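Asker:
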Amino acid sequence: MVRHQIMVIARVALDCPVNSLFDYRTTGTLPSVGQLVVVPFGSRRQVGLVLEIAEHSEIATARLRNVESILPVEALPVDMLALIRFSSEYYQCPIGQAAFVALPAALRRVRYAGPAPQWQYVLTNAGMAVAVDEFPARATVKRRLFEALRLSPALRRADLLAISASAITLMESWVRVGWVEKRAEIFPHGKVDFTTNAQHDLTDEQRTAVDSISAGFGSFSPWLLEGITGSGKTEIYFRLIEQAAGHGAQTLLMVPEINLTPQLEERFRGRFPDLRLVSLHSNLAEGERCTNWLAASSGLAQVVIGTRLSIFTPLPQLGLIIVDEEQDASFKQQDGLRYSARDLAIFCARQRQVPVVLGSATPSLETYHNARSRRFGHLHLSRRPAANRASIKLVDVRGMAKAQSLSDPVLQAIGACHARGEQSLIFLNRRGFAPVFVCGACGWNAGCSRCSARLVWHLGDALLRCHYCGHEERLPRACPCCGNQDLKGLGQGTQRLEQLLGERFPDARVLRIDRDSTRRKLAWHIMQDDIRQERVDILVGTQMLAKGHDFPKLTLVVVVNPDGALYSADFRAGERLFQQLMQVAGRAGRADLPGEVLVQTQFPEHPLYQALLRQDYRSFAEELLDERRRAVFPPFVYQALLRAESQSESTLMDFLAFAASHGALGRGAVTLYDPVPATIAKIAGHHRGHLLAQSASRAELQRFLSEWRPLLVERKAGRVRWSLDVDPIDL
Ligand code: ADP
Ligand code: ZN
Ligand code: ZN
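Note that our numbering has the sequence shown beginning at 6, numbered continuously upward.
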């Protein structure tokens with residue numbers, strides 16, 4: 006008689022590009038579905054996620070290897086596993102890779118150390134009584150450290166190290182004299198801040214919004230909350246979160262940018278000092294992210310503020326999801342698992358039966374369309390309760406000399422603003438000194454040898470730099486083609502504007518804010534403080550400045566020549582430009598000072614600018630939607646993009662041609678377009694191209710992709726790297 010040995014097989018997702026689970030034998034304690042286990046994989050060991058438990062395996066028993074150990078953390082709950090599976094299928098990404106996007110790095114280590122204690126330093130009352138001026142002026146580190154302590158409710162090790170390598174020693178000495186307290190806490194206590202956080206009586210519109218949304222607690226209800234900057238959306242979030250927390254429910258609040266989380270975090274803590282709040286974003290140290298993730302997944306944290314990755318946080322008591330600035334491109338991950346956190350938020354809300362609020366001044370057309378067709382509820386805030394709406398004016402620069410970058414009316418407005426003691430912001434979405442570096446004699450211009458892109462002239466270190474691959478070279482003294490020494494930069498970058506404004510307004514303090522000037526950690530933090538403390542008069546910056554930052558003395562915003570987007574090949578360019586302009590406009594006049602926005606343009610009659618003048622996003626959105634319906638673009642059709650790149654152009658085109666030859670799989674319901682080179686056809690020596698698949702039916706497109714992808718995987722494509730991007734947001 007044959008005796009069957011009962012065997013339990015753990016089917017495990019591993020972080021590798023193969024879209025299947027791996028079978029392991031279990032011994033000793035049985036892992037359960039959702040647990041993290043350490044398993045041998047090839048010659049190494051890896052952490053895997055158990056997704057299924059089975060009694061049989063297709064693999065011969067003798068070849069099966071054993072689960073080595075189980076990580077001492079709670080199993081992921083079923084809803085999180087369902088989210089991982091859904092993301093993997095929908096975004097056509099191997100299951101193991103999808104699973105590991107969801108996990109903080111500390112949980113992917115074979116040697117799991119548990120959450121590290123997170124020391125935080127907080128000023129004591131005795132410390133509070135110390136004045137910065139008691140430090141000698143030379144003691145810059147001490148002063149900066151002290152300022153930092155006063156500014157934020159608690160400083161962590163990473164914050165300290167970013168200020169100075171000696172900061173920790175200094176801090177320990179302050180702990181000894183009793184100025185500073187050292188705590189090992191997950192939830193730092195807020196400093197109650199009544200000045201900016203007073204409890205307001207809600208306006209009627211706000212009240213309607215809060216009541217409508219909260220009436221849906223406990224069931225799936227998606228909402229578009231439409232309202233310009235300053236119209237009181239955050240106030241609504243506060244009320245909803247307060248109510249949710251009152252019922253013991255957790256809220257997930259997603260924001261577009263890491264830089265915005267500390268500001269919002271402080272505002273929250275100021276309003277609700279006892280609220281258990283954690284943040285989750287990729288700038289956190291590994292231990293801290295793990296601690297926060299565990300606080301959220303144990304149900305201890307009542308609020309999670311995070312960037313897109315926070316959608317993958319297990320929240321056992323989830324009661325509400327809020328996506329602020331839902332139109333923001335940063336909610337879409339651009340590699341690996343190319344998910345849209347906004348779309349997954351809606352998936353989660355349905356799965357968990359909770360309301361989801363999408364907040365925006367200028368909703369994405371996808372969301373706007375959903376609201377118009379009543380798939381989403383639509384709430385509107387039409388006024389700014391605490392400030393006037395900024396006025397927007399166009400400055401026609403058709404007659405202006407080419408070399409002049411700021412028009413006379415703009416210069417006058419900046420001067421007047423400065424004379425009133427207020428701040429202005431000059432917005433130009435281009436870093437560096439000049440975007441083009443040319444020879445006046447023969448027309449040569451500096452291009453990157455590895456990319457199909459021009460090199461940008463950067464002042465200071467006198468370099469030409471490629472903004473695509475990072476390549477840098479010394480500024481040539483003479484033209485490499487004709488030897489001419491008269492080389493010059495054309496066009497405007499933020500550095501050039503900074504220089505020009507400095508010359509033009511010698512007594513004004515000009516500050517440039519872009520990725521170059523804020524590279525050092527905390528640099529941006531310190532600059533923001535400088536702006537709030539009015540140590541700056543004129544700000545020059547890129548889109549970094551457009552998002553969310555609130556500076557009370559800022560009353561004038563100038564947008565320099567945003568026209569390029571009007572004639573872009575990308576059908577989303579117009580939508581983006583309007584969104585961005587409204588966002589920058591929102592920076593002007595938030596407090597009791599009226600704001601003004603000047604847009605310098607060559608095309609003042611363009612319908613986009615005309616709608617902007619009226620600050621009428623809706624009519625513009627309606628127009629765009631009509632255009633998209635006629636041209637059959639999203640949201641009236643669904644798209645997926647096959648992106649590929651290779652060092653060999655012919656290998657690339659062969660691969661794309663192979664991919665294109667499978668159009669029949671779509672059974673007529675899916676259209677495959679011809680392969681085309683990407684907008685930047687070469688980056689860092691890699692030729693890039695893509696192929697668009699489109700269908701009026703999401704389900705048909707999904708079915709096509711799931712049959713197409715294996716064929717692409719199987720084809721030994723030579724040296725081609727490729728990926729599928731479902732619902733791409735740029736082509
Ligand atoms: P948003 O998030 O839409 O930009 P906020 O919620 O931050 O707007 O509100 C903008 C400003 O208006 C804040 O200073 C806030 O304190 C204030 N505010 C919000 N709601 C009210 C209200 N009902 N009455 C008075 N002031 C309000
Ligand atoms: Zn030349
Ligand atoms: Zn380059």
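We put the beta carbon where it would ideally sit given N, CA and C, even for glycine.
Just so it is clear, the structure is predicted and the values come from calculations on it, not from any experiment.
1) When the Cα atoms are used, what is the spatial distance from residue 726 to residue 150?
2) Okay, do the segment 606 to 615 and the segment 634 to 643 touch, 3+ Cβ pairs below 8 Å being the bar?
3) Could you tell me whether any non-hydrogen atom of ligand 3 is closer than 6 Å to the CB of residue 692?
4) Per DSSP, which residues does residue 444 bridge with? Please list them.
5) To the nearest angstrom, how far is it from the Cα of residue 698 to the Cα of residue 715?
6) Below 6 Å CB to CB, which residues in the same chain sit around residue 689 once its five sequence neighbours on both sides are set aside?
7) According to DSSP, simplified to helix, strand and coil, what is residue 372?
8) Between the alpha carbons of residue 677 and residue 566, how many angstroms are there, rounded?
9) Please give the ranges of any beta strand (DSSP E) in the segment 620 to 703, keeping only runs that are unbroken, at least 3 residues long and fully inside the region.
10) With contact counted as at least three CB pairs below 8 Å, one residue from each stretch, are the segment 34 to 43 and the segment 90 to 102 in contact?
11) Can you check the segment 130 to 213 for any alpha helix (DSSP H) of at least 4 residues that lies completely inside it and give the ranges in chain order?
12) Quick check on residue 22: buried or exposed, where buried means 16 or more other Cβ atoms within 10 Å of its Cβ?
13) I need the straight-line Cα distance from residue 180 to residue 129, nearest angstrom please.
14) Would you grab the beta carbon distance between residue 746 and residue 349 for me? Rounded to a whole angstrom, and I think it's under 8 Å.
15) Within the same chain, show all residues whose beta-carbon is closer than 7 Å to that of residue 200, passing over the 5 residues directly before and after it, in chain order.
16) Could one say the Cβ of residue 690 lies closer than 7 Å to chain C's Cβ atoms, at least one of them?
17) Assuming contact is defined by CB atoms lying nearer than 7 Å, are residue 514 and residue 545 in contact in what I supplied?
18) State the Cα-Cα distance for the pair residue 591 and residue 519, rounded to the nearest angstrom.
19) Who are the near neighbours of residue 64 in its chain, counting only those whose CB is closer than 7 Å to its CB and skipping five residues on each side?
20) Among the candidates 601, 579 and 418, whose CA atom is the shortest distance from the CA of residue 589?
21) Which same chain residues, not among the five before or five after residue 764, have their C-beta less than 7 Å away from its C-beta?
22) Looking at the secondary structure, which residues open and close the alpha helix (DSSP H) in which residue 317 lies?
23) Report yes if the CB atom of residue 451 is closer than 7 Å to the CB atom of residue 438, and no otherwise.
24) So what does DSSP say about residue 109, is it helix, strand or coil?
25) Quick test of your reading: residue 316 and residue 353, contact by CB under 8 Å. State the CB separation rounded to the nearest angstrom.
26) With ligand 3 as the reference, list in chain order each residue whose Cβ lies under 5 Å from any of its heavy atoms.
27) Is residue 297 helix, strand or coil when you go by DSSP?
28) Comparing the CB of residue 390 with every heavy atom of ligand 1, is any distance shorter than 6 Å?
29) Distance check for residue 274 and residue 196, CA to CA, integer angstroms please.
30) For residue 309 versus residue 257, is the C-beta spacing smaller than 7 Å?
31) Just mark residue 71 as buried or exposed, buried being the case when its beta carbon has 16 or more other beta carbons within 10 Å.
32) By the three-class DSSP mapping on this structure, what secondary structure does residue 560 have?
33) Quick check on the burial criterion: 16 or more other C-beta atoms within 10 angstroms. Buried or exposed for residue 453?
34) For ligand 2, which residues have a Cβ under 6 Å from at least one heavy atom, in chain order?
35) Just the Cα atoms here: how many angstroms apart are residue 384 and residue 496?
36) Smallest Cα separation from residue 335: which of 301, 260 and 401?
Answerer: This is what the structure holds:
1) Cα to Cα, residue 726 sits roughly 46 Å from residue 150.
2) no
3) With a cutoff of 6 Å, residue 692 does not count as near ligand 3, since its C-beta is closer than that to no heavy atom of the ligand.
4) 492
5) 16 Å
6) 455 and 474
7) helix
8) Rounded to the nearest angstrom, the two C-alpha atoms are 37 Å apart.
9) Secondary structure remark: continuous beta strand (DSSP E) runs of at least 3 residues inside the segment 620 to 703, in chain order: 643 to 651, 675 to 677, 681 to 688 and 691 to 700.
10) Judged by Cβ distances under 8 Å, the segment 34 to 43 makes no contact with the segment 90 to 102, as fewer than three pairs qualify.
11) 130 to 133, 145 to 156, 162 to 168, 172 to 182 and 199 to 202
12) exposed
13) 9 Å
14) Absent from the model: residue 746. The displayed extent of the chain is 6 to 736, so no value can be given.
15) Reliability of the predicted coordinates at residue 200 is poor, the pLDDT of 48 falling under 50, and the value obtained from them is presented with this limitation in mind. Counting only Cβ-Cβ distances below 7 Å, and skipping sequence neighbours, we find nothing.
16) Judged by its chain identifiers, the structure shown contains no chain C, having just a single protein chain.
17) No, they are not a contact pair.
18) 19 Å
19) Same-chain partners within the cutoff: 28.
20) Ranking 601, 579 and 418 by Cα distance to residue 589 puts 601 first.
21) Nothing about residue 764 can be reported from this structure: the residues present for the chain run from 6 to 736 only.
22) From DSSP, residue 317 is part of no alpha helix (DSSP H); its letter is neither H nor E.
23) Not closer than 7 Å, so no.
24) Residue state, collapsed to three classes: coil.
25) Rounded, the Cβ-Cβ distance is 7 Å, consistent with contact.
26) 453, 455, 456, 471, 473, 474 and 476
27) Reduced to three states, the DSSP call for residue 297 is helix.
28) Flag set: Cβ of residue 390 near ligand 1.
29) In this prediction, residue 196 scores a pLDDT of 48, lower than 50, which makes its location untrustworthy; the coordinate-derived value is nonetheless stated afterwards. Computed Cα separation, rounded: 7 Å.
30) Yes, the Cβ-Cβ distance between residue 309 and residue 257 is below 7 Å.
31) Answer is exposed; the Cβ neighbour count stays below 16.
32) strand
33) Classification for residue 453: buried.
34) 444, 446, 447, 449, 484, 486, 487 and 489
35) 43 Å
36) Looking from the CA of residue 335, the closest CA among 301, 260 and 401 belongs to 260.
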